[in-house]
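A.B. asks:
Number of protein chains: 2
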Amino acid sequence: MAEARRRRARGGAARTREVLLQAAAEVFAERGYDGASVDEIAGAAGVSVGSIYSRFGSKRNLFRQLMTQYMERDLIRVRDGFAAGPEGGLRALDDLVQETATSRRQTLLDAETWASAMRTPALRSLLAEHENGVQSAAAALVRRGRAETGHEFGVPDDELAVLLTSLFHGLCRQHRLDPGSVPPGLYTRTVTALSRGLAEQAAGADRPGH
Amino acid sequence: MAEARRRRARGGAARTREVLLQAAAEVFAERGYDGASVDEIAGAAGVSVGSIYSRFGSKRNLFRQLMTQYMERDLIRVRDGFAAGPEGGLRALDDLVQETATSRRQTLLDAETWASAMRTPALRSLLAEHENGVQSAAAALVRRGRAETGHEFGVPDDELAVLLTSLFHGLCRQHRLDPGSVPPGLYTRTVTALSRGLAEQAAGADRPGH
DNA sequence: GTCTATAGCATGATAGAC
DNA sequence: GTCTATCATGCTATAGAC
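Line order of the protein sequences matches chains A and B.
Last residue of the first sequence: 210 in the working numbering, with the numbers rising by one and none dropped.
Last residue of the second sequence: 1210 in the working numbering, with the numbers rising by one and none dropped.
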């Protein structure tokens, strides 16, 4: 293939991996894991099928590497967003709902990742571990928020963190299904109301009979 | 196939459809849409491949029929749960989180349905319409709750309904990834706190400066 | 390491007997 | 309507030249 040679000539040999991963993201997203053929992925990357097997060994492993790459980027992004502190962290998540739910590729890849993970124990562990990392970061953010404002929520930090990420994913899903039903800021507003309600309940529990 | 004839002999010809749908649910769940072969589905149902094509016309249509069947059942179940009124309705959703997220088949079918829907516009509309039906029922429940308790939440009924279902799906996801992190009753407790917080905010907005 | 070519197999769908 | 048998195609993965 002339195009293959042209593209390979431009980048170094080490770059083939990145080109392949990007092409894999495109094709896996659009066709699904089983629907994607290594031929098409290689074609989209401008390399040959042989390259895939020499670098990744198998189609399954290529997908796995892709998953890991995306999860790493995701975790970094969340942590960076959280660095601004509790309020900034919430706003960052709000933006993430809008952005990731608007991106077609991200939507399709997330769906494919989830379906594969539910079917394959090894991938499931990988994803669970990732979610756990995000929730640890969220829990740290909650702790910091308590320290700064003095508010107590009456539930363990971990449980609140689980609620924060669950609501996040739930709103992503909703946005993807019907974008108009999730206005910007909804995530933040909801979390604010939830925190307030939890704090109220906690205060009420301290005064039995009330 | 001896077994095929045996099973067909037991049920009427009209039953073939149901048997096929059940087998399809099993195989589509375990292998994914593309990974499932019509041969295996026919085998699991105890009929021949020809039956599938005479009754459903194509593999894609078989999956579509399966989707519709499950969505109808789901909607009926939700509406039945809501019939008990606001408190009972919440408890029903809480039970649904535990049950559907524990069922392997439901988990895998939901994942496959979602992935297919995101990729295929026709299926996406189908799923969006279903979700809309559930949310209408939820909005009616919210209206009823307001009427009975007199509480105002400061947000439109539809928006609150969207939050209820989004949180539901988010917690289902979380439960499926890490069952231990979603104790029974978490959904109800969270919604209670959220309602309380929203009502507080609404009351606060009526008294600017507070 | 990357190419081309191909092996070896599974797939969705159809034809025609009954 | 359901069966069996088959077609045409597409697939993952490998072999061997360079």
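The C-beta atom is built at its ideal place from N, Cα and C for all residues, glycine as well.
How would you label B:ARG1073, buried or exposed, when you count the other beta carbons within 10 angstroms and need 16 or more for buried?
C.D. replies: Translated into the one-based positions of the second sequence, residue 1073 of chain B becomes position 73. The residue is exposed, with fewer than 16 neighbouring Cβ atoms inside 10 Å.
A.B. asks: Let's test the definition: count the other Cβ atoms within 10 Å of the Cβ of B:ILE1041 and tell me whether it reaches 16, buried, or not, exposed.
C.D. replies: On the second sequence, residue 1041 of chain B is found 41 positions in, with the first residue counted as 1. Classification for B:ILE1041: buried.
A.B. asks: Look at A:ALA111 and B:MET1071 and say whether their C-beta atoms are less than 8 Å apart.
C.D. replies: Within the first sequence, numbered from 1, the residue matching residue 111 of chain A stands at position 111. Within the second sequence, numbered from 1, the residue matching residue 1071 of chain B stands at position 71. Taking 8 Å as the Cβ cut-off, A:ALA111 and B:MET1071 do not qualify as a contacting pair.
A.B. asks: Considering only the beta carbon of each residue, do B:ARG1105 and B:ALA1023 sit closer than 8 Å?
C.D. replies: Residue 1105 of chain B sits at position 105 when you count from the first residue of the second sequence. Residue 1023 of chain B sits at position 23 when you count from the first residue of the second sequence. No.
A.B. asks: Using a 10 Å radius around the Cβ and a threshold of 16 neighbouring Cβ atoms, would you call A:GLY85 buried or exposed?
C.D. replies: As a first step, residue 85 of chain A is located in the first sequence; it is residue number 85 there, counting from the start. By the 10 Å Cβ count, A:GLY85 comes out exposed.
A.B. asks: Return the Cβ separation of B:VAL1182 and B:GLN1174 in integer angstroms, given the expectation that the two are a contact with Cβ distance under 8 Å.
C.D. replies: Here the question's residue 1182 of chain B lines up with position 182 in the second sequence. Here the question's residue 1174 of chain B lines up with position 174 in the second sequence. Confirmed, about 5 Å.
A.B. asks: Any beta carbon from chain B within less than 8 Å of A:VAL162's own beta carbon?
C.D. replies: What you label residue 162 of chain A is simply residue 162 of the first sequence in a count that begins at 1. Chain B contact via Cβ: present.
A.B. asks: Can you find a C-beta in chain A that's less than 8 Å from the C-beta of B:HIS1210?
C.D. replies: The residue labelled residue 1210 of chain B in the question sits at position 210 within the second sequence. At B:HIS1210 the pLDDT is 48, less than 50, meaning the model places this residue with poor confidence; the figure from the coordinates comes in the next sentence. It does not: the Cβ of B:HIS1210 has no partner Cβ on chain A nearer than 8 Å.
A.B. asks: In chain order, what residues of the same chain lie with their CB nearer than 7 Å to the CB of B:GLY1089, ignoring the 5 residues before and after it?
C.D. replies: If you number the second sequence from 1, residue 1089 of chain B lands on position 89. Contacts found: GLY1081, PHE1082 and LEU1141.
A.B. asks: Whose C-alpha, out of A:ARG31, A:PHE153, A:GLY50 and A:GLU99, is nearest the C-alpha of A:ALA205?
C.D. replies: By 1-based counting over the first sequence, the position of residue 205 of chain A is 205. Among A:ARG31, A:PHE153, A:GLY50 and A:GLU99, the Cα nearest to that of A:ALA205 is on A:PHE153.
A.B. asks: Report buried or exposed for A:SER37, applying the criterion of at least 16 other Cβ atoms within 10 angstroms of its Cβ.
C.D. replies: Reading the first sequence from its first residue, position 37 is the one you call residue 37 of chain A. Flag for A:SER37 reads exposed.
A.B. asks: Report the option in A:PRO179, A:ALA128 and A:SER136 whose CA atom is closest to the CA atom of A:ARG79.
C.D. replies: In the first sequence, residue 79 of chain A corresponds to position 79, counting from 1. Checking every option, the nearest Cα to that of A:ARG79 belongs to A:SER136.
A.B. asks: Run through DSSP, which three-state label would B:GLY1035 get?
C.D. replies: Your numbering for residue 1035 of chain B matches position 35 in the second sequence. Three-state DSSP puts B:GLY1035 in coil, outside helix and strand.
A.B. asks: Below 8 Å, can you find three or more Cβ-Cβ pairs linking the stretch 1126-1135 of chain B to the stretch 123-139 of chain A?
C.D. replies: Segments in contact, no.
A.B. asks: What does B:ASP1178 touch in chain A if you count any residue whose Cβ is under 8 Å from its own?
C.D. replies: Stepping through the second sequence from its first residue, residue 1178 of chain B is reached at position 178. Correct list: ALA128, GLU131 and ASN132.
A.B. asks: Between the beta-carbon of A:ARG91 and the beta-carbon of A:THR188, is there less than 8 Å?
C.D. replies: Within the first sequence, residue 91 of chain A is the residue found at index 91, counting from 1. Within the first sequence, residue 188 of chain A is the residue found at index 188, counting from 1. A contact, by the Cβ cut-off of 8 Å.
A.B. asks: What are the boundary residues of the alpha helix (DSSP H) that includes B:HIS1169?
C.D. replies: As a first step, residue 1169 of chain B must be located in the second sequence, where it is residue number 169. 1157-1177 is the extent of the alpha helix (DSSP H) around B:HIS1169.
A.B. asks: Flag this pair as yes or no: are the beta carbons of A:SER103 and B:GLY1170 separated by less than 8 Å?
C.D. replies: Translated into the one-based positions of the first sequence, residue 103 of chain A becomes position 103. Translated into the one-based positions of the second sequence, residue 1170 of chain B becomes position 170. Not a contact, by the Cβ cut-off of 8 Å.
A.B. asks: Going along the chain, which residues of its own chain have a beta-carbon closer than 8 Å to the beta-carbon of A:GLN69, five neighbours each way excluded?
C.D. replies: One-based indexing of the first sequence puts residue 69 of chain A at position 69. Once the five neighbours on either side are set aside, the close Cβ partners of A:GLN69 are LEU21.
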